[in-house]
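For any residue, its number in our numbering is found by taking its place in the sequence shown, counting from 1, and adding 11.
Glycine included, every Cβ here is placed at the ideal spot set by N, Cα and C.
Since we're looking at a predicted model, the values are computed, not measured.
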Amino acid sequence: MTGHLTRSKLGRRQWLVQAGKTSAAAMGMSVLPLSIQRALAVPAARVTGTIEDVAHVVILMQENRSFDHYFGTMSGVRGFADRTAPKLPSGKDVWWQSDGKREIVPFHLDTQTTQAMRVPGTPHSWSDAQNAWAQGRIQEWPRYKRFQSMGYYEADDIPFQRALADAFTVCDAHHCSIQSGTLANRVVFMTGTNVQPGLTRPAVDQREAVINNANNRGQELGRYAWTTYPERLEQAGVSWRIYQNPADNWGGLLAPWESFEAFAATQPGEPLYERAMRHFSLDDQRRDVRDGTLPQVSWIIPSPVWSEHPSASSPLQGASYTQQVLNCLVSNPDVWSRCVFIITFDENDGFFDHVPPPAVPSIIGPNGELAGSTTLSESIAGHYYTNSIDDVSATRPYGMGPRVPMYIVSPWSRGGWVCSETFDHTSTIRFLEARFGVHEPNVSAWHRAVSGDLTRCFDFAHPNTDQFPALPDMSYATGETLVIEGLPEVRLPEHPRVPEQDPGVRYSRRLPYQLSAAIALDAQTRSLELQLENSGEAGAVIHVYDNLHLDRVPRRYTVEAGKSLADGWPLEADGGHYDLHILGPGGFLRQFAGSVPAAGGTYALPEAKLVCLGAEGCIEVHAWNDGAQSCVIKASPNAYRSDRPFALDLHPDQIPRTVHWNLRDSGHWYDFTITCPTLPGWQRRFAGRLETGKDSVTDPALGASVR
């Protein structure tokens, strides 16, 4: 059995440089100034070969873009060619969303012929976010978010953002923390929570003020009382600063700490005031970088016009501002050689993203019955919120929310990498924890179990071995150049067409996941037991969609590292039939379909289980027959392999048969389906990436060719 990688004849550096040149050429612009190129070429200051070599962390949070909206067509990431995506209750692929009257698929926001660079914003509050998410069914998105929410950009439209991802590291499993708007997510970003610690059911006005995010209601309804992470840094003696203009931050909406009692009460001359409430511009930051006085941790708050917020700003202006910050940081090579620049977005506005966000199980019964379960011993009660949704009182999990872009820009993350570990806004705080040792107790046990700390985005041990493409120069992108009023407004295409994703692989950071899913059938009770096991280094949320009942809320299971759980699935109402679509992080997919015959019959009952041997770079399929009749099963590749299916004869009472193969030629990715010709409808599909403990490549089968 042999396989191949897309673009296998291109070396890593050659392929990445080509990607960078393509992005620059698309806009007909020159590359970055020589000073920036020299700064990008500065090697990391490797002293210990660990995270301790990081002296400065600079954090820029932009506004209101989803991952698919920016990167759905980008090669290598989990975008529009995702073969693991769930189906809608209609039975169609997740791309075929509806506004209640017509089907709308993701469509190109053409910035050359329309006003797409200034595409209007869409609803992004608690109620519309919950309805579009539909507790995991992800249905009728444009009904609640408007048709513009299905628009996406291509590389030619956002060349700087794409080139930044080509040059450094992009995270394609980074989520906002709450299914809501700006203030809700920025509060989590700065404090690790949106709930008053110690209160299982916090005051409704506090929670609503954070979640609903209506006209900065946090200040109208009273200040928040819990401790922010900047305060913890202050107490620990870690230097920090917030670069912002307090008079130009949307009335404090972009600066959530201003809604907290400690900051509201602080006075000139006091540390909180001097480091967070003063006007610090990029010129001030440039001075700090030049003089070697840049704090250990700094947050940057742009004015609305540079924030990338739809309507108020644009991707072009956001790119210009990001480049200004990058210019500032790299103006002193000694500072940049010890600096991490994190760029992310607070929430998705209403822009569509197809990946089901990790969340605690939904409550589906009047007595608090859960659709799924968790191995956590700590209560997850604080992860639910009760509010009126479409005039119906309902309790919903409030996070995580849709994916939002995140770039990790530093001398330790160069080279066009993708990191697919699950992250959210608490991950940035946890990275600061890992570097400076300042613990944030507000981050919940659930978040710590399933959301990473960003450290796998870096290579601290060997940082100076990679090259990277040049970035295009965005310095021309001032407000005066955005003359687009003469172009027509964005309109839906007459004929919907599912978008394509660029083919090709990128290098991918190792992931901490080692998941297993299996089922056990019981003919006596005509039921199924789902068995989930996590032998990896990090917890995971596993989504289970019932393809026979796609209108139902999917079950979600939080399985901590080193733990397992099982759950029953009654089948009698479906005549013994089942079809489960199981999704986990890192491209993990299992599908189990078939039927349990009535008790007392004579039949074949084949079963198969996948065993991952990461240290050996191999997988094994163990197959057996629990029935009374012999049968034959056939395994057919869905991707990566071109060989013919193999067949196994399974006889009753025979010891399990084993098929073993190496995944080296596919970058350790696999995707195959096992069927039984004498049992129509019976299948077992296994897909994902075998984690070997080493960095690898992104899914080679992602791209236009598989569509």
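(request) Classify ILE530 as buried or exposed, calling it buried when 16 or more other Cβ atoms lie within 10 Å of its own Cβ. (result) Burial call: buried.
(message) Quick check: what's the CA-CA separation for ILE644 versus PHE447?
(response) If you take the alpha carbons of ILE644 and PHE447, they lie about 55 angstroms apart.
(request) Whole angstroms is fine: what's the gap from THR703's alpha carbon to ALA626's? (result) Rounded to whole angstroms, THR703 to ALA626 spans 6 angstroms at the Cα level.
(request) Write down the C-beta distance between PRO568 and LEU543 rounded to the nearest angstrom, noting that I regard them as a contact closer than 8 angstroms. (result) Checking the displayed sequence, the identity of residue 568 turns out to be Tyr instead of Pro. Correct: roughly 6 angstroms between the Cβ atoms.
(message) Spatial neighbours of PHE158 within its chain, please: C-beta separation below 8 angstroms, excluding the five flanking residues on both sides.
(response) Excluding positions up to five away in sequence, the list reads ASP110, ILE115, LEU503.
(message) Less than 7 angstroms between the C-beta atoms of CYS642 and LEU661, yes or no?
(response) For CYS642 and LEU661, yes; Cβs fall inside 7 angstroms.
(request) State buried or exposed for THR433, treating a residue as buried only when at least 16 other CB atoms are found within 10 Å of its CB. (result) With 16 or more other Cβ atoms within 10 Å, it is buried.
(message) I'd like the ranges of any alpha helix (DSSP H) spanning at least 4 consecutive residues and lying wholly in the stretch 393–466.
(response) Here the runs fully enclosed are 436–447, 456–461.
(request) In the DSSP assignment, find the unbroken alpha helix (DSSP H) run with ASN196 in it and report its ends. (result) For ASN196, the enclosing alpha helix (DSSP H) has its first and last residue at 193–202.
(message) Using 8 angstroms for Cβ pairs, my map puts TYR254 next to SER292. What's the rounded Cβ distance?
(response) About 7 angstroms; that satisfies the 8 angstroms criterion.
(request) Figure out for me which residue from ASN196, HIS186, THR125 has the closest Cα to the Cα of SER136. (result) Comparing Cα positions, the closest option is ASN196.
(request) Helix, strand or coil for ASN359, going by three-state DSSP, please let me know. (result) It is coil, neither helix nor strand.
(request) Check the DSSP bridge columns for GLN328 and list the partner residues they point to. (result) As far as DSSP is concerned, GLN328 takes part in no beta bridge.
(message) Just to confirm, is the Cβ distance from PHE362 to TRP423 under 7 angstroms?
(response) No, the pair does not count as a contact, with Cβ atoms beyond the cut-off.
(request) Provide the residue span of the beta strand (DSSP E) that contains SER575, from first to last. (result) Run containing SER575: 574–581, per the beta strand (DSSP E) assignment.
(request) Could you tell me which residues DSSP puts in a beta bridge with GLN542? (result) DSSP lists ALA529, ALA577 as partners of GLN542.
(message) If distances are taken between C-alpha atoms only, which option among SER309, ILE593, ASP585 comes closest to VAL69?
(response) The alpha carbon of VAL69 has as its nearest neighbour, out of SER309, ILE593, ASP585, the alpha carbon of SER309.
(request) Find the nearest neighbour of LEU701 within the set ASN673, THR689, ARG695, ILE685, judged by alpha-carbon distance. (result) Selection ASN673, THR689, ARG695, ILE685 evaluated against LEU701 yields ASN673 as nearest (Cα-Cα).
(request) Sort ALA140, GLN694, ARG668 by Cα distance to HIS588 and report the nearest one. (result) The option with the nearest alpha carbon to HIS588 is GLN694.
(message) Can you list, in chain order, the residues of its chain with a C-beta nearer than 6 angstroms to that of GLY83? Leave out the 5 residues immediately preceding and following it.
(response) GLY90, PHE91, TYR163, listed in sequence order.
(request) Determine, using beta-carbon pairs with one atom in the stretch 246–266 and one in the stretch 286–304, whether at least three such pairs fall under 8 angstroms. (result) Verdict: yes, contact present.
(request) Could you give the DSSP three-state label for ILE70: helix, strand or coil? (result) Correct three-state label for ILE70: strand.
(message) On a Cα-Cα basis, can you pick out the residue from GLY550, CYS687, GLY714 that is closest to THR385?
(response) Among GLY550, CYS687, GLY714, the Cα nearest to that of THR385 belongs to GLY550.
(request) Report yes if the CB atom of VAL415 is closer than 7 angstroms to the CB atom of PHE356, and no otherwise. (result) Result yes, Cβ atoms of VAL415 and PHE356 sit closer than 7 angstroms.
(message) Could you give the first and the last residue of the continuous alpha helix (DSSP H) run that contains ASN142?
(response) Element bounds for ASN142: 137–144.
(request) Consult DSSP for THR622 and reduce its assignment to one of helix, strand or coil. (result) Looking at the sequence shown, residue 622 is not Thr but Val. VAL622 falls in the strand class under three-state DSSP.
(request) Please specify which runs of the alpha helix (DSSP H), each continuous and at least 4 residues long, are wholly inside the stretch 269–335, giving them in chain order. (result) With a minimum length of 4 residues, the continuous alpha helix (DSSP H) runs that stay inside the stretch 269–335 are 272–276, 293–302.
(message) Using 8 angstroms for Cβ pairs, my map puts ALA382 next to PRO367. What's the rounded Cβ distance?
(response) Contact flag wrong, Cβ pair sits at about 13 angstroms.
(request) Over the uninterrupted alpha helix (DSSP H) stretch that includes VAL346, give me the two end residues. (result) DSSP places VAL346 inside the alpha helix (DSSP H), whose first and last residues are 344–347.
(request) Sort SER388, ALA275, THR406 by Cα distance to ILE377 and report the nearest one. (result) Per the sequence presented here, residue 377 reads as Pro, with Ile not at that position. Out of SER388, ALA275, THR406, THR406 has the C-alpha closest to the C-alpha of PRO377.
(message) On the criterion of 16 or more Cβ atoms from any shown chain inside 10 Å, does LEU43 qualify as buried, or is it exposed?
(response) Because LEU43 sits at a pLDDT of 45, beneath the cut-off of 50, its placement in the model cannot be relied upon, and the following sentence gives the value as read from the coordinates. Per the 10 Å Cβ criterion, buried.
(request) Tell me whether ASN107 sits in a helix, a strand or coil according to DSSP, three-state version. (result) At residue 107 the sequence reads Trp, which differs from the Asn that was named. DSSP places TRP107 in coil when its eight states are reduced to three.
(request) Compare the C-beta of ASP654 with all C-beta atoms of chain D and state if any pair is closer than 7 angstroms. (result) This model lacks chain D altogether; it includes just one protein chain.
(message) Could you pull the DSSP bridge partners for ILE115 from this structure?
(response) BP columns for ILE115 point to GLN108.
(message) Between VAL632, GLU165, SER519, which has its C-alpha nearest PHE697's C-alpha?
(response) The candidate whose alpha carbon is nearest that of PHE697 is VAL632.
(message) Contact between the stretch 116–129 and the stretch 329–347 is defined here as three or more beta-carbon pairs at a separation below 8 angstroms; is this criterion met?
(response) Result no; under three Cβ-Cβ pairs closer than 8 angstroms.
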